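In the numbering used here, the protein residues as written are 2 to 226. By construction, the Cβ of each residue, glycine as well, lies at the ideal position given by its N, Cα and C atoms. Predicted model, so just to flag it, every value in this text is computed and none were measured. Here the structure comes first, spelled out in structure tokens, and everything after it is commentary.
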Ligand code: PRT
Ligand code: ZN
């Protein structure tokens, strides 16, 4: 009999979602040695492999069926969906369950002395962001034209550096905005980590394994409430 194909799960290698993702699996009873700097870690007591990658790669890996399941911020997932839709690429996934970590908001922020009244105050200005799709979708609903400045890091320094008039960035405590002389003026998207599944059908064994895992995840989240 052929060996069962192991269930493949992608998680962020290192960053704000890694520790919570690992802890969640540990609390579900999975034994995984993640100490080594390997791309793939094998679960010792279940037929599961963990792929550790950049968070930005996770939606694509799931949509393309390279992995079966992934944990990613809804912000990153939604941005990838918008990008792929604009390029007529497949965006099929199943959202299995919203998780209880990785909470943050994508917000518009302006320099402290900016006289902000409404999003209209940003008309025709330059807005720096890592999330051009989510920003454009929001500004389109408001009917506001703007110039998007794409930055993959250090978005919060863009106004001071003269690169932009405002920013659209992730916020959790707001300390980073404050430290950079910025004020949060509008929340455009609220995000949490989410568990997503590829649309490729799983083998019966892996589907049963996933069902068991989902029950445990829900149990672990309930126990924390
Ligand atoms: O290397 P890789 O590409 O995998 O990681 P990354 O650097 O792109 O992502 P990472 O680890 O920073 O964030 C991963 C995910 O965590 C994000 O996509 C969000 O879904 C979620 N998340 C939750 C956050 C935050 N909270 C958050 N605070 N992502 C980023 N931040 C930033 C924020 O923009 C600010 O610059 O953290 C800084 C501190 O925030 P404050 O408001 O507490 O000061
Ligand atoms: Zn990233």
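In the DSSP assignment, residue 141 falls within the unbroken alpha helix (DSSP H) covering 133-143. Relative to ligand 1, the beta carbon of residue 76 is positioned inside 7 Å of a heavy atom. Rounded to the nearest angstrom, the gap between the Cα atoms of residue 217 and residue 29 is 6 Å.
With respect to the 8 Å criterion, residue 44 and residue 219 are not classified as neighbours on the basis of their beta carbons. Spatial neighbours of residue 188 in its own chain (CB-CB distance under 6 Å, excluding positions within 5 residues in sequence) are listed in chain order as 106, 108. A direct Cα-Cα distance of roughly 15 Å separates residue 133 from residue 159. Residue side-chain check: residue 55 places its Cβ nearer than 7 Å to a non-hydrogen atom of ligand 2. Taking C-alpha positions only, residue 213 is separated from residue 207 by approximately 10 Å.
Linking residue 23 to residue 198 through their CA atoms gives a straight-line distance of about 18 Å. Here residue 60 is buried. Its C-beta has 16 or more other C-beta atoms within 10 Å. Taking one beta carbon from each stretch, the region 56-70 and the region 116-128 have fewer than 3 pairs nearer than 8 Å; the two do not touch. In this structure, DSSP gives residue 31 a state outside helix and strand, which the three-state scheme calls coil. The three-state secondary structure of residue 173, taken from DSSP, is coil.
Per DSSP, the continuous alpha helix (DSSP H) segment holding residue 81 begins and ends at 75-87. The C-beta separation of residue 145 from residue 165 comes to about 15 Å, leaving the pair out of contact by the 8 Å criterion. Excluding residues up to 5 positions away in sequence, 134 lie with their Cβ nearer than 8 Å to the Cβ of residue 87 in the same chain. Apart from sequence neighbours up to five positions away, the residues of its chain that approach residue 200 with a beta-carbon distance below 7 Å are 93, 94, 95, ordered along the chain. Listed as beta-bridge partners of residue 13 by DSSP are 54.
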